[in-house]
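Participant: First residue of the sequence shown: 228, per our numbering; consecutive thereafter.
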Amino acid sequence: MNLNTAVAALAISVATVTAPMAQAESQDPIKIAVNEWTGQHLSANIAAELLKKMGYSVEMVTAGGLPQFTALEQGELHFNPEVWDNSITDAYTNGLTSGAIVDMGQLGLEPREGWIYPDYMAEQCPGLPSYQALYDCAQAFANAESFPNGRLITYPADWGTRSKSVVEGTGLPFNPVPGGSEGAMVAELKSALASKEPILMMFWQPHWVFAEVDMNWVEWNPAQGECVEEDQQRDTACGFAQASVNKIVSKSLPENWPKAAKFIEQFTLTNAEQNAMILEVDQGGRPLEEVVQDWITANEAKWTSWIN
Numbered sequence: 228m229n230l231n232t233a234v235a236a237l238a239i240s241v242a243t244v245t246a247p248m249a250q251a252e253s254q255d256p257i258k259i260a261v262n263e264w265t266g267q268h269l270s271a272n273i274a275a276e277l278l279k280k281m282g283y284s285v286e287m288v289t290a291g292g293l294p295q296f297t298a299l300e301q302g303e304l305h306f307n308p309e310v311w312d313n314s315i316t317d318a319y320t321n322g323l324t325s326g327a328i329v330d331m332g333q334l335g336l337e338p339r340e341g342w343i344y345p346d347y348m349a350e351q352c353p354g355l356p357s358y359q360a361l362y363d364c365a366q367a368f369a370n371a372e373s374f375p376n377g378r379l380i381t382y383p384a385d386w387g388t389r390s391k392s393v394v395e396g397t398g399l400p401f402n403p404v405p406g407g408s409e410g411a412m413v414a415e416l417k418s419a420l421a422s423k424e425p426i427l428m429m430f431w432q433p434h435w436v437f438a439e440v441d442m443n444w445v446e447w448n449p450a451q452g453e454c455v456e457e458d459q460q461r462d463t464a465c466g467f468a469q470a471s472v473n474k475i476v477s478k479s480l481p482e483n484w485p486k487a488a489k490f491i492e493q494f495t496l497t498n499a500e501q502n503a504m505i506l507e508v509d510q511g512g513r514p515l516e517e518v519v520q521d522w523i524t525a526n527e528a529k530w531t532s533w534i535n
């Protein structure tokens, strides 16, 4: 599919919600991108509800990762509150350079990717959380298939080979084993925790898992510049490159809706907030709209200053 066709496809799944105008600069709807993961759905819908409280019309537009940036460049979309910079494209960076896309600052999430382990494994590997401890206690993480090496559950194979690259570069005595899927990884984590079996797993947050269980992160050396996962050595390993999460708008948004732009600059969410809401939606089965309204009710003191 070429970019023009992809942009046209954004018209799919558009839902318009209109609130009475109250000092809104333009009566045209603000079009907000909706991506494919629950956390972004929450960010987008909370922002939409608050914009409606300011008197704006809002359209929620289902948008793919690549075509959304072209649509933002062209003013077909106006706002995405949660863009991870480890999944950006040339269309995004070119849009920033040209000024067609405007970076409105970080959302407030603190993304993290790396290896996690439960408290009881720290007892069997007392040098943790330092990654250097794993050289001496790899057998504590072994199973029958990996012994004498430790067993490391990594991302599914079609997500790339980041952990494998780090293991090979640093010479850690671990066998990376791809997880079958996110669901399979979560199931294996829960099973290990229930029986206190050894487990070391590549994972990420924000994620609902961290609202349900306590996990620890393996710590690495501070990166000297960019952390290149494919080029690491034992004594200087930095682990994994970390993403940032930014709010972006088309250049037309601050031009047509300057008060909305000021709100977007202030709008924030934390890991703890998003983890808890994702848990409610993905595991509790609650409608996303209810969870969004609960957040709005509980955080009125926070967002009142954003919209005034």
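Ideal placement from N, C-alpha and C gives every residue a C-beta, glycine not left out.
Quick caveat: nothing in here was measured; it's all calculated off a predicted structure.
Name the DSSP bridge partner or partners of I475?
Facilitator: N307, D330
Participant: State the DSSP-derived secondary structure class of P405, mapped to helix, strand or coil.
Facilitator: strand
Participant: Give every residue of the same chain whose Cβ lies closer than 7 Å to the Cβ of Q250, excluding the five residues on either side of it in the sequence, and list them in chain order.
Facilitator: With a pLDDT of 47 at Q250, under the threshold of 50, the modelled position of this residue cannot be trusted; read the value that follows with caution. Within the same chain, Q250 has close Cβ partners G282.
Participant: What do you get for R389, buried or exposed, if any count of 16 or more other CB atoms within 10 angstroms of its CB means buried?
Facilitator: The residue is buried, with at least 16 neighbouring Cβ atoms inside 10 Å.
Participant: Tell me which residue opens and which closes the alpha helix (DSSP H) that R339 is part of.
Facilitator: Note, R339: premise wrong, no alpha helix (DSSP H); beta strand (DSSP E) at 339-344.
Participant: Cβ atoms of P338 and A470: under 7 Å apart, would you say?
Facilitator: yes
Participant: Comparing alpha-carbon positions, which option in N535, L496, K489 lies nearest W522?
Facilitator: Residue L496 holds the alpha-carbon nearest to the alpha-carbon of W522 among N535, L496, K489.
Participant: Considering only the alpha carbon of each residue, which of V519, W444, I257 lies closest to W431?
Facilitator: That would be W444, whose Cα lies nearest to the Cα of W431.
Participant: I need the straight-line Cα distance from M248 to S532, nearest angstrom please.
Facilitator: Residue placement at M248 cannot be trusted, given a pLDDT of 42 that sits under 50; what the coordinates show is reported in the next sentence. About 19 Å.
Participant: Do you know offhand how far A367's Cα is from P481's?
Facilitator: Rounded to the nearest angstrom, the two C-alpha atoms are 55 Å apart.
Participant: Taking DSSP as the reference, what is the three-state secondary structure of V455?
Facilitator: coil
Participant: May I have the straight-line CA-CA distance separating N321 from A450, to the nearest angstrom?
Facilitator: 27 Å
Participant: Given I426, which residues of its chain have a CB within under 6 Å of its CB, disregarding the five upstream and five downstream residues?
Facilitator: Non-local beta-carbon contacts of I426 in its own chain, meaning distances under 6 Å to residues more than five positions away in sequence, involve A419 in chain order.
Participant: Who does I380 pair with in a DSSP beta bridge?
Facilitator: Answer by DSSP bridge pairing, in chain order: V404, M428.
Participant: Can you tell me whether W484 is helix, strand or coil according to DSSP?
Facilitator: coil
Participant: Whose C-beta lies closer than 8 Å to the C-beta of I505 among residues of the same chain, with five residues either side of it excluded?
Facilitator: T265, G266, L269, P433, H434, W435, A438
Participant: Provide the residue span of the beta strand (DSSP E) that contains A260, from first to last.
Facilitator: 257-261
Participant: Express the C-alpha separation of G407 and Y382 in angstroms, rounding to a whole number.
Facilitator: Going from the Cα of Y382 to the Cα of G407 covers about 8 Å.
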